[in-house]
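Q: First the structure, then my questions, so here it is.
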Ligand code: CTP
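Numbering (my numbering), first residue to last: 815 to 1226.
See the structure below:
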């Protein structure tokens, strides 16, 4: 088998004091097997010389759109296509602003617009500049478009202050970037339906029963499935998250609506992942008017809400590979295995909840079970755990599908 070619990283260096760490970053990327092409802005040249970066990268540094000989060798559009990933480190407040607003007035900003490769930035600036509302808005805009924001870290700053705004260390940046590179597209060509977030079950026009789910895990799974090549439909309860780019989002409120939206999206689906924290019970009836506090006690009678996961797993025709989630406060593995078998799922991802764990947090830990298998995905940020889960779903689904085919081949 051919050995894979090295990852190609386009490293943008902008004009901040943290640019003195850029040669080290180039070395960290190269020692992990990547090829690195450095592109500097004019401001960066005030902090670090192109010659230093050329020496450590082994390639002439590019710094202008108007260099005829460099453009003749590889013009900026080819350079944008060459990259497997673009990392801007350090990224100044000014560069983030220009990137957020689509400027293309120098080589680096033009490349960022012209590339289809994943884009990451490592902000580095004074803590007040980082906290400024304008910077916050620019960062939020970039994030909502799928730009990865690495850091910044907290600590002593070059200006003598202490706070958030330090560029992450080169080794950490190299790890973060290379972990994001598109690996095997394990779900290429597949359709995946994912649910996320809480549901709201109305009591009256202004009150509802809900839960603490933030939707972060489901949204991370949707992004990971998209990055693995899938066509993704994300059926989402009410959350404060933007729709991920390249994902079809269907917004719903109640378990009933989520059930309808899931079944409408299912035709042609290969995989269903039930990440949502769906209500188990809903009020029998919704009061048409706001309930007044006249009585001393109030009873709200509840009935079972539709079990969406169970209904998908029970499909006789067009049944996808079904993955459930189990949120448990105790006996994690035992309860999860019971759900796997009881609902006839193909796989279940179990996580511990309560005591401030999992719900509305950026990290989580997952134990994944399937018939004949078990894998502890460990703890970590939700995006990283989602990537590991999607890789596992891809692998287990393939092995399950191959098993009957192998038997058939053996019998013929
Ligand atoms: N789920 C669902 N529809 C519901 C309730 C839950 O599709 N009405 C799905 C969730 O999306 C999740 C899985 O079921 O994938 C597990 O939900 P959980 O509430 O942990 O388990 P239950 O089966 O409801 O069991 P229990 O409440 O006894 O823990």
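Every residue gets a Cβ at the ideal spot worked out from N, C-alpha and C, and that includes glycine.
These figures come from a predicted structure and were not determined experimentally.
Just to confirm my understanding: we take residue 851, look at its own chain, exclude 5 residues before and 5 after, and list those with CB closer than 8 Å. What are they?
A: Excluding positions up to five away in sequence, the list reads 822, 823, 824, 825, 871, 873, 876, 893, 896, 897.
Q: Three Cβ pairs or more, each shorter than 8 Å: is that satisfied between the stretch 972–987 and the stretch 835–844?
A: yes
Q: What beta strand (DSSP E) runs, 3 residues minimum, are completely inside the stretch 894–956?
A: 899–905, 933–937
Q: Roughly how many angstroms lie between the CA atoms of residue 1219 and residue 1185, to the nearest whole one?
A: Summary for residue 1219: the model assigns pLDDT 43, below 50, so the residue's position carries little reliability, and this model does not support an answer.
Q: Would you kindly work out how many angstroms separate the C-alpha atoms of residue 1118 and residue 1214, rounded to a whole number?
A: 33 Å
Q: Whole beta strand (DSSP E) runs in the stretch 835–885 with 3 or more residues, listed along the chain?
A: 849–854
Q: Return the CA-CA distance between residue 1130 and residue 1211, expressed in angstroms with no decimal places.
A: So the two alpha carbons sit approximately 18 Å from each other.
Q: Which of the three DSSP states is assigned to residue 1037 in this structure?
A: Helix, per DSSP.
Q: In the DSSP assignment, find the alpha helix (DSSP H) that holds residue 990 and state where it starts and stops.
A: 984–994
Q: Check the C-beta distance from residue 1052 over to residue 1036 and give it rounded, since I have them as a contact under 8 Å.
A: About 16 Å separates the two Cβ atoms, so there is no contact after all.
Q: Going by the beta-carbon positions, is the gap between residue 922 and residue 853 smaller than 8 Å?
A: yes
Q: Tell me the DSSP bridge mates of residue 978?
A: According to DSSP, residue 978 bridges with 968.
Q: Taking the DSSP output, what are the residues bridged to residue 1161?
A: 1137, 1184
Q: Beta carbon of residue 995, beta carbon of residue 899: below 8 Å?
A: Yes.
Q: With the cut-off set at 8 Å, would you say residue 1187 and residue 1157 are in Cβ contact?
A: no
Q: Give me the Cβ distance between residue 1175 and residue 1191, rounded to the nearest whole Å; I'm assuming they're in contact under 8 Å.
A: That pair is no contact at about 16 Å.
Q: CA-CA distance, residue 1145 and residue 1164?
A: 11 Å
Q: Could you check how far apart the C-beta atoms of residue 1048 and residue 1071 are, in whole angstroms? I think they sit under 8 Å.
A: About 14 Å separates the beta carbon of residue 1048 from that of residue 1071, a gap too long to meet the 8 Å contact definition.
Q: With three or more beta-carbon pairs closer than 8 Å as the criterion, would you say the stretch 1006–1021 touches the stretch 1078–1097?
A: Yes, they touch.
Q: Compute every distance between the C-beta of residue 1120 and the non-hydrogen atoms of the ligand CTP, then say whether any falls below 7 Å.
A: Yes, the beta carbon of residue 1120 sits closer than 7 Å to at least one heavy atom of the ligand CTP.
Q: Do residue 1116 and residue 1100 have their beta-carbon atoms positioned less than 8 Å apart in this structure?
A: No, they are not a contact pair.
Q: Run through DSSP, which three-state label would residue 1124 get?
A: helix
Q: Look up residue 1107 in the DSSP assignment and give the residues it is bridged to.
A: None; residue 1107 has no bridge partner.
Q: Look at the alpha carbon of residue 1026 and the alpha carbon of residue 954, and state the distance between them as a whole number of angstroms.
A: 23 Å
Q: Looking only at DSSP bridge pairs, what is residue 1047 linked to?
A: 1007, 1062
Q: Spatial neighbours of residue 1112 within its chain, please: C-beta separation below 8 Å, excluding the five flanking residues on both sides.
A: 1105
Q: With distances taken Cα to Cα, identify the nearest neighbour of residue 963 among 935, 944, 887.
A: 935
Q: Quick check: the Cα distance between residue 1008 and residue 880, rounded to an integer number of angstroms?
A: Spanning the two alpha carbons is a distance of roughly 47 Å.
Q: Strictly by DSSP, which residues pair up with residue 1012?
A: Answer by DSSP bridge pairing, in chain order: 1091.
Q: Taking only three categories from DSSP, how would you classify residue 1208?
A: helix
Q: Within 10 Å of its beta-carbon, does residue 1102 have 16 or more other beta-carbons around it, so buried, or fewer, so exposed?
A: Exposed.
Q: State the beta-bridge partners of residue 1142 as determined by DSSP.
A: 1166
Q: To the nearest angstrom, how far is it from the Cα of residue 975 to the Cα of residue 969?
A: 8 Å
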